[in-house]
Amino acid sequence: MLDAASLNSAVALVGPVAASFLTTRYWVARDDDDTRRHLWFALYLGVVVALLVVVLATTPPEERLKSVGFFFLVTIGATYLQERRHVRQRSRAAR
1287 MLDAASLNSA
1297 VALVGPVAAS
1307 FLTTRYWVAR
1317 DDDDTRRHLW
1327 FALYLGVVVA
1337 LLVVVLATTP
1347 PEERLKSVGF
1357 FFLVTIGATY
1367 LQERRHVRQR
1377 SRAAR
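Listed below in structure tokens is the structure:
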């Protein structure tokens, strides 16, 4: 059974990395000029907000600032890496 601390750790690490894969869908849709690109981005933001709520709900009040900061650090890092991967794949396909 998961307790609050292990759920918080799992969500803070794995959640943003998984959510960042939705941004790849957004970039592909944007490159294809697909009208659903806004839907992919909204889905990504919704998942990030839902994960943030879980982090806030499972963190003691005195550690919330640190947990939220770590959550956003992982989210920004994972999203940046996904964007770089997409740019590399697009440039390889253009060759």
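One rule links them: number in this note's numbering = place in the sequence shown (from 1) + 1286.
By construction, the Cβ of each residue, glycine as well, lies at the ideal position given by its N, Cα and C atoms.
Please read all numbers here as calculations on a predicted model, not as lab measurements.
Non-local C-beta neighbours of Arg1323 in its own chain, meaning closer than 6 Å and more than five positions away in sequence, comprise Tyr1312, Ala1315, Arg1316, ordered along the chain. Rounded to whole angstroms, the separation of the alpha carbons of Ala1379 and Thr1365 is 21 Å.
Residue nearest to Arg1370 within the set Ala1336, Val1300, Thr1310 is Thr1310 (criterion: CA-CA distance).
Distance from the CA atom of Val1339 to the CA atom of Val1333, rounded to whole angstroms, is 10 Å.
Boundaries cannot be given for Arg1381, as no alpha helix (DSSP H) includes it and DSSP labels it neither H nor E.
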